[in-house]
Amino acid sequence: MKKKVLLGICGGIAAYKCCELVRLLKKAGHQVNVVMTQAATDFVSPTTFQALSGEPVLLDTHDAAGGNGMAHINLSRQADVMLIAPASANTLAKIAHGMADNLLTTLVAARTCPLAV
Numbered sequence: 001m002k003k004k005v006l007l008g009i010c011g012g013i014a015a016y017k018c019c020e021l022v023r024l025l026k027k028a029g030h031q032v033n034v035v036m037t038q039a040a041t042d043f044v045s046p047t048t049f050q051a052l053s054g055e056p057v058l059l060d061t062h063d064a065a066g067g068n069g070m071a072h073i074n075l076s077r078q079a080d081v082m083l084i085a086p087a088s089a090n091t092l093a094k095i096a097h098g099m100a101d102n103l104l105t106t107l108v109a110a111r112t113c114p115l116a117v
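Here the sequence shown is numbered in the UniProt record's numbering, starting from 1 and rising by one per residue.
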């Protein structure tokens, strides 16, 4: 059964491994939307994930701005599952404390789907 997967990628040396994760999810027939933190772009280019996923890569709320100005709500409602890999200590701390200061952490706060970190 095809799932809509929202994949959050944080900055860390393991970010490159998400290329294989996206490839495997796509091979299994899932739709993958990638959200990267700014730090993640220091390790892998958003263009790489756009090519692998076939979807635009989102970096901040302006990238995902919909007509109603609530991109984080729209994206989180469409997802069947949200994955964060790799999860940096910084992002884990933000999630644990309910901080929503970038698109990824805002999506975590707004989501109604399961979250796997």
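All residues carry an ideal CB built from backbone N, CA and C; glycine is no exception.
Candidates the options: closest to residue i by CA position
i: A39; options: V22, N33, A89, I95; result: A89
i: Q50; options: I73, C18, A71, A79; result: C18
i: L24; options: K3, I13, C10, R77; result: K3
i: C59; options: P114, I95, D101, L92; result: Reading the sequence as shown, one finds Leu at residue 59 and not Cys. Measuring from the Cα of L59, the nearest candidate turns out to be D101.
i: S76; options: A87, G98, L21, T106; result: T106
Three-state class that DSSP yields for residue i in the structure shown
i: V117; result: coil
i: K3; result: coil
i: L59; result: coil
i: P86; result: coil
i: S76; result: helix
i: F43; result: coil
Bridge-paired residues (DSSP) for residue i
i: V81; result: V5
i: M36; result: I9
i: Q31; result: K4
For residue i, the first and last residue of its enclosing alpha helix (DSSP H)
i: A110; result: 103-110
Buried versus exposed call for residue i [16 or more other C-beta atoms within 10 Å across all chains shown]
i: K94; result: buried
i: G29; result: exposed
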